[in-house]
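Peer 1:
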Amino acid sequence: MIIDVNTLSKSFEYYKKELGLKNSVRNLFHRQKLTKKAVDQISFQIEPGEMVGFLGPNGAGKTTTLKMLSGILHPDSGKASVLGFTPWERKKAFKMQFAIVMGQKAQLWWDLPANESLYLNKCIYEIDDKAYAATLAEMTELLDVKSLLNVQVRRLSLGERMKMELIAALIHKPRLIFLDEPTIGLDLISQRKIREFLKYYNQEKHATILLTSHYMGDVEDLCRRSIIINQGRIVYDGDLQGVNGLFAERKLIKLQLSDAVQPADLAAFGTVRERAELSATLEVPRMELKERAKAILDHLPVLDFNIEDVPVEEGIALLYQKGSEPAEAQEHAHALAG
Amino acid sequence: MRWLAKYRKAFELGFETALEYRLNFLLSLVSAVYPILIQTFLWTAIFQGSASGEVYGYTYRQMIAYTFLAGLVARIVRTGFEHEIMNDVKSGKYSQFLVQPLGYFPYRIASFYGQKLPHFGMILGIMAVVLAGLSLFFGLTLELGRVLLFLVSLILAVTLNFLIFYSFSAMSFWIVEVGFLFSGIRIVTILLSGGIFPLEVFGERFVQLNNLLPFKYTVSYPINVLNGRLGAAEIGWGLLMQCLWIAVALVIANGLWRVGGRRYVAVGG
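Protein sequence lines correspond, in order, to chains A and B.
Residue numbers for the first sequence, in the working numbering: 98 to 435.
Residue numbers for the second sequence, in the working numbering: -8 to 260.
Now the structure itself:
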């Protein structure tokens, strides 16, 4: 086991101030102290070589968890073992074996070319010249940024910079990588390139990767397993496709029509999700898929016909909305579908 | 010695930064001339009104020499990294140092020495000119031994001031915006260190009190090594006190950073 988290918790204190000058003055003398539970008693395990997606809405506690697992923050309570170390003891041997990349926080020196920052990391991680040259050549090749090494970082595009950040983080060949929103704000091509690279890195180097992202595509594409966290608690841990299994099993039927159809006529066959003049999407219970499909084909002017799964996002959105209890979320899903 | 390479690199980066911003530094020296000139006029007026020809135990020449040297030495020992530290803590950039096998303290001090080296060179050059002028026009006598001891005490003074301000920087963990506080602390410490007036100006009781603090070992003491006000025994005692205060400041800085570091909340991203 490479990561073993046991009832880890962390809360933050903050102050509240009402709008206006009067309240500003009042705040000088008395401040209302509030506590937010960022992470609330979470537990999970990750095996070596796994690539796990860490999903959740903003403020769910994903980043706080990553910060505790990388030793940046001390938890309030609970235990964690990462690579056999307690992360917040910040042992050197631990630091030499992992990396954390934060999409919104740069570690490269802004005014210097990327290779200066990379060289600094070579020194920091005590890498010998040969290994450094080999790793650098391999990664710049894979990410296609070889020609940009001598360019000042601030002159690089966001995608190019992110690739450099990745190289900087992986130059010491870590066994464990935490990625916090690695593709945030990137265009589709850069996103894909980075995904391909991560997949390759995971498979070739058998590195364990824990990844947070807002882009479902990242997680769907890369991670067999996902941990979904909301309001500091784990609400789901397993195969991403299985999220919908938590809810009522439903299917979508997408139709292309040759003639316009009245909404009421469509609604007779299932819940209408989308409707344009000559197309529609209907949601039907999985159990009745066959009968409903047959009825649709018999009674509507259908040109083209497609059966699809409900997108994973929707199941997750329901988990987010409902928060803690999957059972409640399930009821909610029924209510929505019904 | 591979672990040393990272701090050598930090030293180099500090050095390069200082060279990159050399004009900025030279301009700050020009601005240091202004208060020196004002004080020179002030002391000239005071001495003209004094019957004995001595004020606070200083002759006019000694006072002018002190004023010039204080301006330059205060400039050499001056820090600036406390604002960088504040920003690191405030913006969450400090996190990076926690996850990498890199000590924040050795990194900062290596980078600080790297930045100081070019400044040291430039100021010592200017000081040589000033000293030549002082000895020509004000009859200041210089002995080689004293000059060498002065250089040693100056290096210790730079180190001590680094540690003092490194300790103050730990306040960033308690107070989010400490920029003004740092400015206030700087003014008080310059005054206490003798960076503006000789400490005797503030009176006997103040001097006794100030003897219990480390600040005078950053400016006043190195100058007094150079200008001949201190005897051999006093110089030796002073060097010892500098080392002692460095040790004390190390312990304090370490403690404050250990306690403060636990409060670090790693905001953002």
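Heads up, the beta-carbon is just placed ideally off N, CA and C, and yes, glycines get one too.
On a predicted model such as this, the values are computed, not experimentally measured, just so you know.
#1: Counting contacts by CB-CB distance shorter than 8 Å, is ARG187/A in contact with chain B?
#2: Are the region 308 to 325 of chain A and the region 347 to 363 of chain A in contact at 8 Å, needing three or more beta carbon pairs?
#3: Of all the CB atoms in chain A, is at least one closer than 8 Å to the CB of PRO92/B?
#4: Count the other CB atoms within 10 Å of the CB of ASP284/A; is the residue buried (16 or more) or exposed (fewer)?
#5: Can you pull the chain B neighbours of SER167/A, defined as C-beta to C-beta under 7 Å?
#6: Would you please verify whether the beta carbon of GLN204/A is less than 8 Å from any beta carbon of chain B?
#7: Any beta-carbon of chain A closer than 8 Å to the one on ARG13/B?
#8: Is it the case that the Cβ atoms of LEU20/B and ARG66/B are separated by a distance below 8 Å?
#9: Along the chain, where does the alpha helix (DSSP H) that runs through MET162/B open and close?
#10: Name the chain B residues whose beta carbon is nearer than 7 Å to that of LEU217/A?
#11: Is it buried or exposed, GLU384/A, if we count other Cβ atoms within 10 angstroms and call 16 or more buried?
#12: Measure from the C-beta of TYR222/A to each C-beta in chain B and report whether the shortest distance is under 8 Å.
#13: Give me whichever residues DSSP pairs with LEU307/A in a beta bridge.
#14: Under a three-way DSSP split, which group does THR436/A fall into?
#15: What's the gap between the Cα of GLU110/A and the Cα of ALA390/A?
#16: Within 8 Å (strictly less), CB to CB, does LYS130/A reach chain B?
#17: What residues from chain B crowd round HIS171/A, counting only those whose CB sits closer than 8 Å?
#18: Classify TRP248/B: buried if its beta carbon has 16 or more other beta carbons within 10 angstroms, exposed otherwise.
#19: Check whether chain A comes within 8 Å of GLY260/B, counting only Cβ atoms and requiring the distance to be less than that.
#20: Looking at the strands, I want to know which residues DSSP matches up with TYR111/A.
#21: Look at the alpha carbon of ILE286/A and the alpha carbon of LEU182/B, and state the distance between them as a whole number of angstroms.
#22: Is the shortest distance between the beta-carbon of ARG99/B and the beta-carbons of chain A less than 8 Å?
#23: Name the chain B residues whose beta carbon is nearer than 8 Å to that of LYS192/A?
#24: Can you check whether the C-beta of PHE151/A is within less than 8 Å of a C-beta belonging to chain B?
#25: Closer than 6 Å by C-beta to LEU239/A: which residues in its own chain qualify, once you throw out the five before and the five after it? Chain order, please.
#26: Give the list of continuous alpha helix (DSSP H) stretches no shorter than 4 residues that lie fully inside the region 183 to 239 of chain B.
#27: Over what stretch of residues does the alpha helix (DSSP H) that includes LEU109/B continue unbroken?
#28: Please state if the CB of LEU63/B and the CB of MET118/B are separated by a distance shorter than 8 Å.
#29: Looking only at its own chain, which residues have a Cβ that is under 6 Å from the Cβ of TYR417/A, when we skip the five neighbours before and after it?
#30: May I ask you to verify whether the region 122 to 138 of chain A touches the region 234 to 252 of chain A, counting CB pairs closer than 8 Å and requiring at least 3?
#31: Starting from ARG(-7)/B, find everything on chain A with Cβ-Cβ shorter than 7 Å and list it in chain order.
#32: Taking only the alpha-carbon atoms, compute the straight-line gap between LYS192/A and TRP236/B and give it to the nearest angstrom.
#33: Hey, is GLY83/B's beta-carbon within less than 8 Å of any beta-carbon in chain A?
#34: Is it buried or exposed for GLY105/B, if we count other Cβ within 10 angstroms and need 16 for buried?
#35: For a cutoff of 8 Å on Cβ pairs, would you count SER108/A as touching chain B?
#36: Counting only Cβ pairs nearer than 8 Å, list the residues of chain A close to GLN106/B.
Peer 2: According to the data block:
#1: If you number the first sequence from 1, residue 187/A lands on position 90. Yes, because at least one Cβ of chain B sits closer than 8 Å to the Cβ of ARG187/A.
#2: These segments do not touch.
#3: If you number the second sequence from 1, residue 92/B lands on position 101. So yes, PRO92/B belongs to the interface.
#4: Here residue 284/A corresponds to residue number 187 of the first sequence, with the count starting at 1. When all chains shown are included, ASP284/A counts as exposed.
#5: Locating residue 167/A in the first sequence gives position 70, where the first residue counts as 1. Ordered by position in chain B, the residues that pass the 7 Å Cβ test against SER167/A are VAL90.
#6: The residue given as residue 204/A occupies position 107 in the first sequence. For GLN204/A, the answer is yes, since a Cβ of chain B falls inside 8 Å of its Cβ.
#7: Walking along the second sequence from the start, residue 13/B turns up at place 22. The beta-carbon of ARG13/B is placed no less than 8 Å from the nearest beta-carbon of chain A.
#8: The residue labelled residue 20/B in the question sits at position 29 within the second sequence. The residue labelled residue 66/B in the question sits at position 75 within the second sequence. The Cβ-Cβ distance between LEU20/B and ARG66/B falls below 8 Å.
#9: Taking the first residue of the second sequence as position 1, residue 162/B is located at position 171. From DSSP, MET162/B is part of no alpha helix (DSSP H); its letter is neither H nor E.
#10: Working through the first sequence from its first residue, we reach residue 217/A at position 120. Going along chain B in sequence order, the residues near LEU217/A (Cβ under 7 Å) are LYS0.
#11: Position 287 of the first sequence, counted from the start, is the residue given in the question as residue 384/A. Here residue 384/A is Met; the residue named in the question, Glu, does not match the sequence. With fewer than 16 Cβ atoms within 10 Å of its Cβ, MET384/A is classed as exposed.
#12: Here residue 222/A refers to the residue found at position 125 of the first sequence. Interface residue, yes.
#13: Sequence index remark: in the first sequence, residue 307/A carries index 210 (1-based). According to DSSP, which records beta bridges pairwise, LEU307/A is partnered with VAL149/A, PHE275/A.
#14: It is not possible to answer for residue 436/A, since the shown part of chain A is limited to 98 through 435.
#15: Here residue 110/A is taken as the residue at index 13 of the first sequence, counted from 1. Here residue 390/A is taken as the residue at index 293 of the first sequence, counted from 1. Going by the C-alpha atoms only, they are around 55 Å apart.
#16: If you number the first sequence from 1, residue 130/A lands on position 33. At a cut-off of 8 Å between C-beta atoms, LYS130/A does not count as an interface residue with respect to chain B.
#17: Residue 171/A sits at position 74 when you count from the first residue of the first sequence. ARG253, listed in chain order.
#18: Locating residue 248/B in the second sequence gives position 257, where the first residue counts as 1. By the 10 Å Cβ count, TRP248/B comes out buried.
#19: Within the second sequence, residue 260/B is the residue found at index 269, counting from 1. Because the pLDDT of GLY260/B is 40, which lies under 50, any placement of that residue in the model is unreliable, and the number read from its coordinates should be weighed accordingly. Taking Cβ atoms only, chain A reaches closer than 8 Å to GLY260/B, which makes this a yes.
#20: For the purposes of this step, residue 111/A is taken as residue 14 along the first sequence, with counting starting at 1. Answer is LEU131/A.
#21: In the first sequence, residue 286/A corresponds to position 189, counting from 1. In the second sequence, residue 182/B corresponds to position 191, counting from 1. Rounded to the nearest angstrom, the two C-alpha atoms are 60 Å apart.
#22: Against the second sequence, residue 99/B aligns to sequence position 108. For ARG99/B, not one C-beta of chain A is nearer than 8 Å to its own C-beta.
#23: One-based indexing of the first sequence puts residue 192/A at position 95. Under the 8 Å cutoff, chain B gives VAL90, GLN91, PRO92.
#24: For the purposes of this step, residue 151/A is identified with residue 54 of the first sequence, where counting begins at 1. No, because no Cβ of chain B sits closer than 8 Å to the Cβ of PHE151/A.
#25: Sequence index remark: in the first sequence, residue 239/A carries index 142 (1-based). For LEU239/A, where only same-chain residues beyond five positions count, the Cβ hits under 6 Å are PHE294.
#26: Counting whole runs of 4 or more residues, the region 183 to 239 of chain B contains the alpha helix (DSSP H) stretches 195 to 201, 211 to 218.
#27: The count along the second sequence starts at 1 and reaches residue 109/B at position 118. Residue 109/B is actually Pro in this sequence, not Leu. If you look at PRO109/B, you'll find it in the alpha helix (DSSP H) that goes 95 to 128.
#28: For this step, residue 118/B is matched to residue 127 along the second sequence. For this step, residue 63/B is matched to residue 72 along the second sequence. In contact: MET118/B and LEU63/B (Cβ atoms closer than 8 Å).
#29: Numbered from its first residue, the first sequence carries residue 417/A at position 320. PRO154, ASN327, listed in sequence order.
#30: With the rule of 3 Cβ pairs closer than 8 Å, the region 122 to 138 of chain A does not count as touching the region 234 to 252 of chain A.
#31: As a working note, residue -7/B is residue 2 in the second sequence. Going along chain A in sequence order, the residues near ARG(-7)/B (Cβ under 7 Å) are GLU223.
#32: Here residue 192/A is taken as the residue at index 95 of the first sequence, counted from 1. Here residue 236/B is taken as the residue at index 245 of the second sequence, counted from 1. Taking the straight line joining both Cα atoms gives about 33 Å.
#33: Position 92 of the second sequence, counted from the first residue, corresponds to residue 83/B. Answer yes: the Cβ-Cβ gap between GLY83/B and chain A drops below 8 Å somewhere.
#34: Counting from one through the second sequence, the residue named residue 105/B turns up at place 114. Counting Cβ neighbours within 10 Å, GLY105/B comes out buried, since at least 16 surround it.
#35: Position 11 of the first sequence, counted from the first residue, corresponds to residue 108/A. For SER108/A, no Cβ of chain B is located within less than 8 Å of the residue's own Cβ.
#36: Counting from one through the second sequence, the residue named residue 106/B turns up at place 115. Those do not exist, as GLN106/B stays about 15 Å from chain A at its closest Cβ, beyond 8 Å.
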